[in-house]
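**Student:** When you line the sequence shown up against the numbering used here, it's residues 38 to 425, in that order.
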Amino acid sequence: MSDYTPKPEHKFTFGLWTVGNVGRDPFGAPVRDAKSPADLVRLLGEVGAWGVNFHDNDLIPIDATPSERDAILKEFKKALAETGLCVPMTTTNLFSDPIFKDGAFTSNDPKVRAYALQKTMNAIDLGVELGAKVYVFWGGREGTETDAAKDPLTAIKRTREAMNFLCEYVLDKKYDLKFALEAKPNEPRGDIYNSTTGHMLAFIETLDHPEMVGVNPEVAHEHMAGLNFVHGVAQALEAGKLFHIDLNDQAFGRYDQDFRFGAVNLKSAFFLVKLLEDNKYDGSRHFDAHAYRTEDYEGVKDFARGCMRTYLILKEKAEQWNADKEIQAVVAEINADDGSMNQYFGKYSAEKAAALKAQSFDRTKIASRGLKYERLDQLTIEVLLGVR
Ligand code: GLT
Ligand code: MN
Ligand code: MN
Numbered sequence: 038m039s040d041y042t043p044k045p046e047h048k049f050t051f052g053l054w055t056v057g058n059v060g061r062d063p064f065g066a067p068v069r070d071a072k073s074p075a076d077l078v079r080l081l082g083e084v085g086a087w088g089v090n091f092h093d094n095d096l097i098p099i100d101a102t103p104s105e106r107d108a109i110l111k112e113f114k115k116a117l118a119e120t121g122l123c124v125p126m127t128t129t130n131l132f133s134d135p136i137f138k139d140g141a142f143t144s145n146d147p148k149v150r151a152y153a154l155q156k157t158m159n160a161i162d163l164g165v166e167l168g169a170k171v172y173v174f175w176g177g178r179e180g181t182e183t184d185a186a187k188d189p190l191t192a193i194k195r196t197r198e199a200m201n202f203l204c205e206y207v208l209d210k211k212y213d214l215k216f217a218l219e220a221k222p223n224e225p226r227g228d229i230y231n232s233t234t235g236h237m238l239a240f241i242e243t244l245d246h247p248e249m250v251g252v253n254p255e256v257a258h259e260h261m262a263g264l265n266f267v268h269g270v271a272q273a274l275e276a277g278k279l280f281h282i283d284l285n286d287q288a289f290g291r292y293d294q295d296f297r298f299g300a301v302n303l304k305s306a307f308f309l310v311k312l313l314e315d316n317k318y319d320g321s322r323h324f325d326a327h328a329y330r331t332e333d334y335e336g337v338k339d340f341a342r343g344c345m346r347t348y349l350i351l352k353e354k355a356e357q358w359n360a361d362k363e364i365q366a367v368v369a370e371i372n373a374d375d376g377s378m379n380q381y382f383g384k385y386s387a388e389k390a391a392a393l394k395a396q397s398f399d400r401t402k403i404a405s406r407g408l409k410y411e412r413l414d415q416l417t418i419e420v421l422l423g424v425r
């Protein structure tokens, strides 16, 4: 059997808010005592994670005094040094405090928008101080329950203005930092703007510094929207925009479940890992998930270990799939190309267009070919079920 021990080169990360999740939900109180950020780092060190990510207020409470802040930071840095964990990504909490009840960058209140910029600049400084190279923006409150409340065009323009301002801030400070925008269709707002990774990719191209901005797709969020996550991630990868990824799992049509990676849909998790590994994605594999509310901290460790172990097992399965002779024979057959159409592809020319219009196609013959996808899918399932 293979070794599924997580190693630094796997770049497995967790947020303080993930393993630190105390199990509060809209219907019930916390079920686990809160642990300090330093203790959460130690827990992550124990299970073998590579890095830890955080929101400004996961680490420093919003009302901390300067001396409280210094003491927390000192403890946190000590735990990082003890465990060897790094901080690859940080982000801003622009959703918990009541001031953000109607959004941050899209709020109708200019004081809220200005405060959100100020809070983000301070949080960027903190992240950079701890070594972060990626900065995530998840605008959980940037939306509406009623579209009477906000003009959607204004909301887009306000978001653009905020992102442009913050890109300039990073350039001005000469920080080595990229932004990764995370979409979600709804929850906690009735509807959230820029609701999918595809929306985000289009929005990024309208910014002043699109080269500084990519995406942070999350499995659960695209599944909430009923979308194929693998396709969304592929689009981001192909565009050179996959700066970060939030791995977890989610049943379609449910609330944001943030389950352990691979807990629900193994087949789609497999194709995701295969996509990332085949294309040599070299960013963090961040698990934005949390343990079931039934668990104590031993269960939280089971959860964290399970995320990484499942990823590594699926990585091995992807290698097996790529090396399987029968599978590869089907892949070769369905991609067969005798080169006879090459003359019609590639760059347009009037001659090419004319020649293509004159070509005759035997539609019935072409359509009569069976594509063997049933067999290929069954072989895939058998790799996953461990019988090949
Ligand atoms: C929050 C959200 C996540 C985001 C985090 C970053 S916070 O837990 O549900 O999807 O990635 O802001
Ligand atoms: Mn989520
Ligand atoms: Mn997320």
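Glycine included, each C-beta is placed from N, C-alpha and C at the ideal position.
Note down, one range per segment and in chain order, each beta strand (DSSP E) of at least 3 residues found wholly within the region 296-372.
**Tutor:** 322-324
**Student:** Going by DSSP, name the residue or residues bridged to K215.
**Tutor:** V171
**Student:** With distances taken from CA atoms, which of D184, N253 and A186 is nearest K215?
**Tutor:** For K215, the nearest C-alpha among the options comes from N253.
**Student:** Output yes or no for whether 8 Å exceeds the beta carbon distance between W54 and D95.
**Tutor:** yes
**Student:** Taking F433 as part of the beta strand (DSSP E), name the residues at either end of that continuous run.
**Tutor:** Any question about residue 433 goes unanswered here, given that the chain covers just 38 to 425.
**Student:** Please report the residue range of the beta strand (DSSP E) in which G235 lies.
**Tutor:** Premise fails: G235 lies in the alpha helix (DSSP H), T234 to I241, not in any beta strand (DSSP E).
**Student:** Please indicate yes or no: does the CB of A257 lie closer than 7 Å to some heavy atom of ligand 2?
**Tutor:** yes
**Student:** Specify the secondary structure class of D40 as computed by DSSP and reduced to three states.
**Tutor:** Coil, per DSSP.
**Student:** Can you give the beta carbon distance from T157 to L208, rounded, assuming they're within the 8 Å contact cut?
**Tutor:** At roughly 15 Å, the Cβ-Cβ gap does not stay under 8 Å, so T157 and L208 are not in contact.
**Student:** Would the C-beta of H260 count as close to ligand 1, meaning under 7 Å from any of its heavy atoms?
**Tutor:** no
**Student:** Taking Cβ positions, are N285 and F298 nearer each other than 8 Å?
**Tutor:** yes
**Student:** Verify the contact flag: N285, CB atom, against every heavy atom of ligand 2, threshold strictly below 7 Å.
**Tutor:** yes
**Student:** Less than 7 Å between the CB of E219 and some heavy atom of ligand 3, yes or no?
**Tutor:** yes
**Student:** For a test of your reading of the model: does the CB of D62 fall under 7 Å from any non-hydrogen atom of ligand 1? Yes or no.
**Tutor:** no
**Student:** Start and end of the alpha helix (DSSP H) containing G140?
**Tutor:** Per DSSP, G140 lies in no alpha helix (DSSP H) and is assigned neither H nor E.
**Student:** DSSP puts L284 in a beta bridge; with which residues?
**Tutor:** Partner(s): F324.
**Student:** With 16 other CB atoms within 10 Å as the buried threshold, where does P147 fall?
**Tutor:** So P147 ends up on the exposed side.
**Student:** Count the other C-beta atoms from every protein chain shown that fall within 10 angstroms of the C-beta of N159, then say buried if there are 16 or more, exposed otherwise.
**Tutor:** N159 is exposed by the Cβ-count criterion.
**Student:** Just to check my reading of the structure: A273 and L279 have Cβ atoms closer than 8 Å, yes? What is that Cβ distance to the nearest angstrom?
**Tutor:** 4 Å
**Student:** D293: beta carbon under 7 Å from a heavy atom of ligand 2?
**Tutor:** yes
**Student:** From R330, H260 and Y348, pick the residue whose C-alpha is nearest to that of P63; which is it?
**Tutor:** R330
**Student:** Under three-state DSSP, which class holds E411?
**Tutor:** helix
**Student:** Is there at least one non-hydrogen atom of ligand 3 closer than 7 Å to the beta-carbon of W54?
**Tutor:** no
**Student:** Along the chain, where does the alpha helix (DSSP H) that runs through M261 open and close?
**Tutor:** V256 to M261 is the span of the alpha helix (DSSP H), which, as asked, contains M261.
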